[in-house]
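Trainee: Dropping the structure in here first, questions after.
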Amino acid sequence: MWENELFFEAVPLLLEAFIKVTLVVTVLGTLIAVVLGLVWAIAVRELPPLLAAPLRFLVDFIRMTPLPVHLLVIYYAFNSLSAMTVGILVIGVHYSTYMAESYRAGIESIRSGQWEAATALSLPASRTWRAVILPQAIRNTLPSLGNWAIAMFKDTPFLIFISVPEMVTRAREFGGQHFTYVEAMTVAGVLFLLASYPTAVLMRKLEKKLAY
Amino acid sequence: GDDGGGEGNTLERAQEEGTIKIAYAGEIPYSFENDEGELTGATIAIDEEIFKALGIDNVEGQLVEWDALIPGLNKGEYDAVSAGMSILPDRCAKAAFAEPTIMYTSTLMVAEGNPEGLSDFASIEGTGLTLAVQSGAIEQGQAQDLGLENTMTVNSAQDGMDAVANGRADAFALTNITLSTMAEDNPDAGVETTDAFVAEIDGLKQISAGSTVFRPEDTALLEAYNEELAKIVGDEQRFVETVGEFGFTDAERPPEGLTAEMLCEGDLEAANEAADGAGGSTDSEDSTGSTDSTDSTDG
Amino acid sequence: MSDFFSGVATALPRLLGEGLLATLVSFAGGAVVMVLVAVVLGLVEHQAPAWLAVIARVIVELFRGSSLVVQLFFFFYVIPTLTGVDLGSTWTAIIALGLNYGAYGAEVVRGSLNAVPRGQWETTTALSMPWATKMRRVIWPQAWALMLPGFNNLMVMLIKGTAVVSLVLLSDITFEADQLRRQVGLWPAFLSALVIYYLIALVVSTVMRWGEGRAQRRLGLGDFQIRQARRDAAKVLAGAAAAEAGSGGSGARREGRDT
Amino acid sequence: MPTDQNPDPATTSHPHNGGVPRIQFEDVVKKFGSTTVLEGLNFSVDRGERVTLIGPSGSGKTTILRLLMTLEELTDGYVWVDGDPLTHDRRDGKRVELKPKQVSAVRKRIGMVFQQFNLFPNMTVLQNIIEAPVHVLGQSTEQARTKALELLDRVGLGDRGDAHPMQLSGGQQQRVAIARALAMDPEILLLDEVTSALDPELVGEVLGVLQDLAATTDITMLIVTHEMQFAQDVSDRVMMFDSGHIIEEGLPAKIFSDPDNERTRQFLQAVR
Amino acid sequence: MPTDQNPDPATTSHPHNGGVPRIQFEDVVKKFGSTTVLEGLNFSVDRGERVTLIGPSGSGKTTILRLLMTLEELTDGYVWVDGDPLTHDRRDGKRVELKPKQVSAVRKRIGMVFQQFNLFPNMTVLQNIIEAPVHVLGQSTEQARTKALELLDRVGLGDRGDAHPMQLSGGQQQRVAIARALAMDPEILLLDEVTSALDPELVGEVLGVLQDLAATTDITMLIVTHEMQFAQDVSDRVMMFDSGHIIEEGLPAKIFSDPDNERTRQFLQAVR
Ligand SMILES: Nc1ncnc2c1ncn2[C@@H]1O[C@H](COP(=O)(O)OP(=O)(O)OP(=O)(O)O)[C@@H](O)[C@H]1O
Ligand SMILES: Nc1ncnc2c1ncn2[C@@H]1O[C@H](COP(=O)(O)OP(=O)(O)OP(=O)(O)O)[C@@H](O)[C@H]1O
Ligand SMILES: [Mg+2]
Ligand SMILES: [Mg+2]
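Heads up: the protein sequence lines correspond to chains S, X, G, C and D, in order.
The first sequence begins at 21 in the working numbering and counts up by one.
The second sequence begins at 10 in the working numbering and counts up by one.
The third sequence begins at 882 in the working numbering and counts up by one.
The fourth sequence begins at 45 in the working numbering and counts up by one.
The fifth sequence begins at 45 in the working numbering and counts up by one.
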């Protein structure tokens, strides 16, 4: 049933996949999501309604449909991209739609008094965004962004659908070669827990620290 | 899902119900679903014929990722794997293989016109070209044993062809029948296949044959199956009648004397002998050590 | 273009047949388990004695800390091998989805209990209400209104989560679409699938919002509080609830125990 | 400190005789983490007495009411209600925590009205009022309802029983909250800045109700308020707090017009 | 209505001569959705005048200030500042909306202090004050800083320039907010219940600063407050509102001691 040998064999293998693929995807995907998310949030607010409406629909559509389908579509539609590239792009864009929501909430959480004070001082819109709203909004948003990054990290196994060799894909391969998933999947699960729990605790600390 | 692994009485149960559930890997021309949504293919055709003879008229299929075929079999999701799985020592340790059903040769799928002039594994060695292999297929292990550097793993034959077609890989190694059929079926894909070859490692032909897989405890089912199988494999005409429509010929018919046991034990010498007929001989004395590892990453 | 539509026409029956069935069964079953798990774990975390709350917390962290895909494999292959308990494909999908999102849901429940104003907890103490009366009559109706937006988000996540159940051998919409890709082409197969998913999510979300509105009107909540609740829900989903528990929740929690 | 009355309550539980104070704080200590808010506080309140607590922000007034309502845990010391222990009893000279059931029995004699009203938003006004009588005291719905309508009349809202709290003005909500507290027939009523959250215009109606209550019942009241006129009108005694200590106490007329303590004088000037 | 002054401002734009009122509301209509809050309101305020707006909750006082600050959109009518149109101009008898640039030019003459202070929490006190002078008026940082320190001195916070708003008490925050408004050198200052969010103890310090301001400058002030003593001390004129109409106006001494209108009398009684 349980073979220690297989367990110890799987550890370095999956650790390597974890560092070389899972982490890389998470970091690059987060970068994409953080930037695109802010773009969506501001664009939907500032664009004229005729442009904002379709953009909002697109963002909502992506957010409300499954990641595996997005991965498959983009993977097959753009042959020249490697599976890894597709994985990073798609997961980044997918999570940017969540982060856009976080940014939006962060912006909305700024009390109307702040906008009104800016108007009362006749600050121009650009200055209001840059000096008053965004510094507060991003501060409010950071913990949420961090938590989405953790969520993305836990969704990297979805890349199994396009065979990006991240940790769980490798675990399944390893299991396939040894005709049992017990040890490999245990290792994968434990590695996830080891990585995500401390990060989540850190995020909570950060959140407390950032609260005004 | 059904009840767990069972107590080895699967044959009885299947005969009673008239139905058996098998897993297939969706590989043309072995076992796949056609455009009408019917389960078909060479191994399916053989199995259906055998099961019918055993009084099991209905064969239900479940498409399963290659890696998951044997784990799923052992946890009782289905009763047999009909995917033309190669008989390999590692696998025999975990599951029960029927006697050889079809012989395998390998081929390389390459871009149209074979720009790199590839012919077999040896022609790739040292070139740095990217070779696609299918996860869990025997070519994956062979490529590894040969120390080929740039390999990428794909999940299905379709993915492998796509990889070659769009340049993600320079070649894709898989069984000859599979790839030849695919190349024929997709004349616009811009791919072709090389001549079939049998990989040679340490001077020994890596003879391989595929068969249907059962759970180790289902000995009754296995024996009954083998009995019926022998009637088909032992009869050239019947064999070709059964699998001919899928592009198989007498060349894929297992030679008399080749047994699952030989392949399970990794006794390539015996296999080589059986394949070459009574007089065939091989030059290597102790090859078992290297061939054991054909399909695994470990030693 | 006509190729596209004839492709869609070929694909739809299969997507809407077996595929949709597997997706909906996973979703509906998962949703029921999710809500049950969320309510039980959330209540235990918020109200039970410390040792029990810690156990609930550990369960929540286990499921939130690892990945749904890992959990699916675990329930499907590992647990049967180690324990002999085999749930089969459909139940595995339902249980794994339900536990995974239920763990997030527990945070929604806990966060909502925390968000019930402290004054409400204190008033129940001032009126000497026993625990059951307090929860049933005062706290839960208010917390329920606050947690619905969170459950709405989770339902949509759950629908999307069902797209991985082919890993435990269910032929859901995603699986069927991937099969159909070879037959009808990439776009007809996958666009149809995406639209189906979108419509399911839309319907579920609309129903949930209707429920939200009803619950909130019952409390006489204004738009502001509803927006607030939505925002809290999103935050909770992203795993941020714990921080609030430390500050706002402690008072309410102590309240909860001493009666 | 002028108020250190300390009539050693040595026996476990007094009979409810007239000589025992309604409320007695004995050596009460309250800490929040490392900050000490009350440090050995002693005072008592007689039956039917109305006592107003004044003092600067943070001086501990609210904390005292919350301790009585068992909304905060006593760090040390004792609180006696009619001679009965509230949360901790002295047995053989040792401080023993009481069981929740015992606490609840004594607590039922105490009602509280909060600054933020805290009506239950998921119930109508009437349901708010009958909730506790029915589910805590075990009265029949009919009985509780009759009483509730009486009380609503008394606070001038006889016709609003079916309204939802959110449909009422702040002043009306607070009057319902008073009725709700009274529905439990408390012997003691705690009022913590009950008009601070109201628009200035609405303060009067709430104070009116309370003045009426003071005039027509003999409920013991502990009042925290910034409404000095009201405090003067209604209370028998004023206690001035600073940093958790009683720095001056006496008749309202005296304290408000001619306090002895310099700090009291400053405070009253600032608040006016 | 006693105040229907209506000196037809027929020309497009007046020169800034002394005869033109500082602020003039002409037939101002303001609706929120279907509820009409102001319905053809007319009044004007002279240069240097201090006018206090009183009236029950919901009577439209805040709305008037917000319209002047362009925080709400005018539904109909005109607002003139020194004879210049604020958001809408009359051209050939037609009502024309102005461009944001034009609005901004007039709005710069108006400053506002809010009930909730609304300091920018991400900036220090000093940054709060110099933000607008630097980025709106184009002053150099040095220049704005010198001025800001002067203003901070004036509101009694000369040493708190590097503090963050959250480190200050409510009263201090409100004083910073006053300094911030003054840094723009406004001709008109709008004050909307600037002490309502403060603890009673802190009200005095803020009113003190405003009294000083009234005594030493000639800024035109529009004040909404519940502090009647302050209103009486500081204002030249009091306008009593009810449901968006001016129901009485006059000298504070008169209005507060002997109002003509019954509604005013009631209101003042309730508030006291
Ligand atoms: N839950 C708490 N945690 C920590 N400190 C607290 C808590 N509640 C009260 N305090 C502190 O206890 C002290 C007394 O608070 P309390 O609320 O009793 O004052 P108060 O006299 O009612 O003041 P106010 O007039 O502002 O209501 C204050 O210093 C306060 O900061
Ligand atoms: N944004 C808004 N949307 C809808 N109605 C509004 C809005 N702002 C104000 N009102 C309504 O306009 C009316 C006047 O409000 P306003 O705030 O001007 O009153 P006020 O005299 O300042 O009252 P208070 O003394 O309570 O501040 C009220 O009935 C209010 O409900
Ligand atoms: Mg207090
Ligand atoms: Mg107002």
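Note that the Cβ used here is the ideal one computed from N, Cα and C, for glycine as well.
On a predicted model such as this, the values are computed, not experimentally measured, just so you know.
Decide if V916 of chain G is buried, meaning its Cβ has at least 16 other Cβ atoms within 10 Å, or exposed.
Mentor: Under this definition V916 of chain G is a buried residue.
Trainee: Taking 7 Å as the cut-off, is the beta-carbon of F76 of chain C closer than that to any non-hydrogen atom of ligand 1?
Mentor: For ligand 1, at least one heavy atom lies less than 7 Å from the Cβ of F76 of chain C.
Trainee: Inspect the beta-carbon positions of T114 of chain X and D179 of chain X and report whether they are closer than 8 Å.
Mentor: No, they are not a contact pair.
Trainee: I'd like to confirm something about T96 of chain C: is its beta-carbon nearer than 7 Å to some heavy atom of ligand 3, or not?
Mentor: Flag unset: Cβ of T96 of chain C not near ligand 3.
Trainee: For V247 of chain D, which of D:Q216, D:L233, D:G99, D:V178 has the nearest alpha-carbon?
Mentor: Checked all of D:Q216, D:L233, D:G99, D:V178; the closest Cα to V247 of chain D is D:Q216.
Trainee: Could you work out which residue in C:E175, C:V64, C:V123 is closest to V220 of chain C when comparing CA atoms only?
Mentor: V220 of chain C has its Cα closest to that of C:E175, out of C:E175, C:V64, C:V123.
Trainee: Kindly provide the ranges of any alpha helix (DSSP H) runs that are 4 or more residues long and lie completely inside the stretch 120–178 of chain S, ordered along the chain.
Mentor: Taking only runs of at least 4 residues, the alpha helix (DSSP H) segments lying wholly in the stretch 120–178 of chain S are 132–140, 154–175.
Trainee: What first and last residue would you give for the alpha helix (DSSP H) that runs through T221 of chain X?
Mentor: Counting along the chain, T221 of chain X falls outside any alpha helix (DSSP H), though it belongs to the beta strand (DSSP E) covering 217–223.
Trainee: Report yes or no: is there a C-beta of chain X within less than 8 Å of the C-beta of Q1064 of chain G?
Mentor: At least one chain X Cβ lies under 8 Å of Q1064 of chain G.
Trainee: Under the criterion of a Cβ to heavy atom distance below 7 Å, does E271 of chain C qualify as lining ligand 4?
Mentor: Not under cutoff, so the answer is no.
Trainee: How would you write the range of the beta strand (DSSP E) that W124 of chain D sits in, first residue to last?
Mentor: That run of the beta strand (DSSP E) goes 120–125.
Trainee: Fully enclosed by the stretch 204–282 of chain D, which alpha helix (DSSP H) runs are 4 residues long or longer?
Mentor: With a minimum length of 4 residues, the continuous alpha helix (DSSP H) runs that stay inside the stretch 204–282 of chain D are 214–226, 244–260, 272–278.
Trainee: Is the closest heavy atom of ligand 1 to the C-beta of T80 of chain C under 7 Å?
Mentor: No, Cβ of T80 of chain C sits at least 7 Å from all heavy atoms of ligand 1.
Trainee: Name, please, each residue of chain C whose Cβ falls closer than 9 Å to the Cβ of G1000 of chain G.
Mentor: The answer, in chain order, is F158, Q159, Q160, F161, N162.
Trainee: Decide yes or no for the touch test of the stretch 1048–1067 of chain G against the stretch 893–905 of chain G: beta carbon pairs closer than 8 Å, at least 3 of them.
Mentor: With a cut-off of 8 Å, the stretch 893–905 of chain G and the stretch 1048–1067 of chain G count as touching, because enough Cβ pairs lie within range.
Trainee: Could you tell me whether the stretch 160–171 of chain D touches the stretch 204–215 of chain D, using the rule of 3 or more Cβ pairs below 8 Å?
Mentor: Contact between the stretch 160–171 of chain D and the stretch 204–215 of chain D is present, because at least three Cβ pairs lie under 8 Å.
Trainee: Using 7 Å as the cut-off, classify the Cβ of G102 of chain C as near or not near the heavy atoms of ligand 2, replying yes or no.
Mentor: No.
Trainee: Compare the C-alpha of L230 of chain S against each of S:L211, S:W168, S:I158, S:Q197 and name the closest.
Mentor: The residue with the shortest Cα to Cα distance from L230 of chain S is S:I158.
Trainee: Below 6 Å CB to CB, which residues in the same chain sit around L251 of chain C once its five sequence neighbours on both sides are set aside?
Mentor: So the qualifying residues of the chain are F274.
Trainee: Compute the minimum distance between the beta carbon of V125 of chain C and the heavy atoms of ligand 3, and state whether it is under 7 Å.
Mentor: Every heavy atom of ligand 3 is 7 Å or more from the Cβ of V125 of chain C, so no.
Trainee: Can the beta-carbon of V268 of chain C be found closer than 8 Å to that of P244 of chain D?
Mentor: Against a cut-off of 8 Å, the Cβ pair of P244 of chain D and V268 of chain C comes out as no contact.
Trainee: Heavy atom of ligand 3 less than 7 Å from the Cβ of V169 of chain D, yes or no?
Mentor: Outside the cutoff, so no.
Trainee: Taking C-alpha atoms, which residue in X:N185, X:V173, X:P80 lies nearest to A198 of chain X?
Mentor: Comparing Cα-Cα distances from A198 of chain X to each of X:N185, X:V173, X:P80, the minimum goes to X:V173.
Trainee: State yes or no: is the beta carbon of V315 of chain C nearer than 8 Å to at least one beta carbon in chain D?
Mentor: Yes, V315 of chain C lies at the interface with chain D (some Cβ there is under 8 Å from its Cβ).
Trainee: Residues of chain S with CB closer than 9 Å to the CB of S148 of chain D, please, in chain order.
Mentor: Those are S142, P144, listed as they occur along chain S.
Trainee: For the stretch 274–281 of chain X against the stretch 248–260 of chain X, are there 3 or more C-beta pairs whose distance is under 8 Å?
Mentor: Contact between the stretch 274–281 of chain X and the stretch 248–260 of chain X is absent, because fewer than three Cβ pairs lie under 8 Å.
Trainee: When DSSP labels each residue in this structure, what does F199 of chain S get in the three-state scheme?
Mentor: Coil at F199 of chain S, not helix or strand.
Trainee: Compute the distance between the beta-carbons of G219 of chain X and I96 of chain X, then report whether it is under 8 Å.
Mentor: Yes, these two residues count as a Cβ contact at 8 Å.
Trainee: Could you tell me whether any Cβ in chain G is nearer than 8 Å to the Cβ of P129 of chain C?
Mentor: Taking Cβ atoms only, chain G never reaches closer than 8 Å to P129 of chain C, which makes this a no.
Trainee: Could you work out which residues of chain G lie near P225 of chain X, taking near to mean beta carbons separated by less than 7 Å?
Mentor: Those do not exist, as P225 of chain X stays about 14 Å from chain G at its closest Cβ, beyond 7 Å.
Trainee: Any beta-carbon of chain S closer than 8 Å to the one on Y958 of chain G?
Mentor: Judged by the 8 Å Cβ criterion, Y958 of chain G is in contact with chain S.
Trainee: May I have the straight-line CA-CA distance separating T1027 of chain G from A92 of chain X, to the nearest angstrom?
Mentor: Sequence inspection shows Leu at residue 1027 of chain G; the Thr mentioned does not correspond to that position. Rounded to whole angstroms, L1027 of chain G to A92 of chain X spans 53 Å at the Cα level.
Trainee: Short of 6 Å in beta carbon distance, which residues of its chain neighbour N67 of chain X, apart from the five on each side in sequence? Order them along the chain.
Mentor: Correct list, in chain order: G27, T28.
Trainee: Can you give the beta carbon distance from V63 of chain S to L48 of chain S, rounded, assuming they're within the 8 Å contact cut?
Mentor: The displayed chain sequence assigns Ala, not Val, to residue 63 of chain S. In fact, because the Cβ distance is near 22 Å, the residues do not count as touching under 8 Å.
Trainee: Using a Cβ cut-off of 9 Å, pull out every chain X residue sitting near S129 of chain S, in sequence order please.
Mentor: Ordered by position in chain X, no residue passes the 9 Å Cβ test against S129 of chain S, which lies about 44 Å from the chain.
Trainee: For G294 of chain D and E271 of chain D, what's the separation of their Cα atoms in angstroms?
Mentor: Near 17 Å, if we compare the C-alpha coordinates of E271 of chain D and G294 of chain D.
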